[in-house]
Structures are given as structure tokens and as C-alpha cells.
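S.K.:
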Amino acid sequence: MDKKPCNSEDAEVRKGPWTMEEDLILINYIANHGEGVWNSLARSAGLKRTGKSCRLRWLNYLRPDVRRGNITPEEQLLIMELHARWGNRWSKIAKHLPGRTDNEIKNFWRTRIQKHIKQAEPLPGQCSELNDNASSSQMCDAGDGVDQPYSPTYSGNLEPFPLPLPNESDDNFWSVEDLWTLP
DNA sequence: AAATACCCCAACCGCCGCATA
DNA sequence: CTATGCGGCGGTTGGGGTATT
5 MDKKPCNSED AEVRKGPWTM EEDLILINYI ANHGEGVWNS LARSAGLKRT GKSCRLRWLN
65 YLRPDVRRGN ITPEEQLLIM ELHARWGNRW SKIAKHLPGR TDNEIKNFWR TRIQKHIKQA
125 EPLPGQCSEL NDNASSSQMC DAGDGVDQPY SPTYSGNLEP FPLPLPNESD DNFWSVEDLW
185 TLP
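Mapping the first sequence onto the numbering used here, position 71 (from 1) lands on 75, and the numbers just tick up by one.
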């Protein structure tokens, strides 16, 4: 009773982690037909996933040009700079970081930078920082390329901090490279 | 050696805007 | 002009792994 997510083959929609098989199907299908309408792509490919799920998987993980892990200090700096300018416009920020996805940047921000800021600046009185939720989406919209006077607490203090190096020992899981090197 | 707490990443959900019928 | 569908975005959650006690 462990390795059976559902089993029900007739289940309409599959959820949860992607299997290597599903990844391969998706990669092969896109390699042959290209990206299209995701919903029909999912069906045509024989995947019991929603179009959204397929798109997310492809964009965030399977695409050949996607880089994962090891955010460099330069990238970190850029992220902080762009976030200072645009707030939580992750997709916008991601466009300036080739190979990085909005999801990854978002995760990076929340897990690393946000915490770092919190530690560096424990100001209880000020509603401080992490205009993460409310404010950002309201104040810095306006337009592409328009520099908004968005000033988070770390402004003026943009400098990368040392990041722990993740060891890539994915023995239990396949990596994207594995998938792409398959015949 | 075992248990607990913490951290990180992948994936899902809901909302919004745009395009097409 | 209105309704429907799709894609995209941001926020949130759950699971797995690692570190610490």
C-alpha cells in the first residue's frame, strides 16, 4: 500500500509527482510536435494530466534550457535588484535570468533571501519588509520597463550573501539530464 | 540510535487577462 | 456584445531530506 498513488487507470486526472515515464512521454511529444495547446497536448500525448500540469512540468523542469540549483552570486544580485524594482513579479524577473524559472526564483526568494533579510533586520515596530503579499502586487505594477520607486527594506544594501552549495546526489531520482540523454 | 525540528523544492490551486467563437 | 476556453501568474501547501538534540 505504498506505491500505488491511485492505480485507477481510468482516473481522469493524475496529480502529484511526475514519474520518469510521464516525463519521457511529455518530452518526446513536444520534441515531435512542439508546444501547442496544452490541454489537447496532454490528451494527445496520452498523459492523464491537466494541460496546466504539463505546462508547469515542462517550463519548470523539463525544458532543455532550464538551469537548476546553484544560483550564482550574480544571479542572486540580479534577483534582489529586480525584486527591488518590480516586487513579486517573478515571471518578469525570470525573463532577465536565462534558464531560471519564475517558480525557482520565487522559491529562492522565499527560502533564502527572505529569511536572510528577516535575520539581518529584525525590526518589530516597522511592518517591515517582505512586502511579500499585499503591498507588492499593488504598488509596483504599472508597466513593463518602468522603474517603480519600490523600496524594500534591503534597498541600498544589495549584496549577495554566501549560499550553501547543494550537493547533487540524486541517486534515488532521475535527473533531467538523464532524460535528455536517453536514446 | 532514535526522535524532532527545520529547510528546500516540486506541484497544485485560484484568479486574472486575452483571444476566439 | 457576450460567453467560453486557455494560458499565465502569484500564492500556498505537502513531502522528502538533512541537521540537530
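The beta carbon of each residue, even a glycine, is placed where N, CA and C say it ideally should be. Since the model is a prediction, treat every value here as computed from it, not as a measurement.
If you run the structure through DSSP and keep just helix, strand and coil, what is K119?
M.R.: Correct three-state label for K119: helix.
S.K.: Below 8 Å, can you find three or more Cβ-Cβ pairs linking the stretch 93 to 101 to the stretch 45 to 63?
M.R.: No: fewer than three Cβ pairs fall under 8 Å.
S.K.: Any idea what DSSP makes of F165, helix, strand or coil?
M.R.: Coil, per DSSP.
S.K.: Could you check which residue in E79, I29 and G73 has the C-alpha nearest to that of R61?
M.R.: Nearest of E79, I29 and G73 to R61, Cα basis: I29.
S.K.: Note down, in chain order, each residue of its chain lying with its Cβ closer than 7 Å to the Cβ of P68, except the 5 sequence neighbours on either side.
M.R.: Closer than 7 Å at the Cβ level, and outside the excluded window around P68, lie W184.
S.K.: Whole angstroms are fine: how far does the CA of N107 sit from the CA of T115?
M.R.: Whole-angstrom Cα-Cα distance: 12 Å.
S.K.: To the nearest angstrom, how far is the alpha carbon of I75 from that of A49?
M.R.: Answer to the nearest angstrom: the Cα atoms are 33 Å apart.
S.K.: Have a look at P102 and H87 and give me their C-alpha separation to the nearest angstrom.
M.R.: Approximately 16 Å between the Cα atoms of the pair.
S.K.: Should A98 and R104 be called a contact, given that it needs their Cβ atoms to be closer than 7 Å?
M.R.: Yes.
S.K.: Mapping the DSSP letters down to three states, classify D69 as helix, strand or coil.
M.R.: In this structure, D69 counts as coil in the three-state DSSP scheme.
S.K.: Quick one: what's got a C-beta closer than 8 Å to I83's C-beta in the same chain, skipping five residues either side?
M.R.: The answer, listed in chain order, is I75, I97, L101, I109, F112, W113 and I117.
S.K.: Please return the same chain residues whose Cβ sits closer than 7 Å to the Cβ of I31, not counting the five positions on each side in sequence.
M.R.: Result list for I31: L66 and L183, in chain order.
S.K.: In the DSSP assignment, the alpha helix (DSSP H) including G55 goes from what residue to what residue?
M.R.: Unbroken alpha helix (DSSP H) run through G55: G55 to R61.
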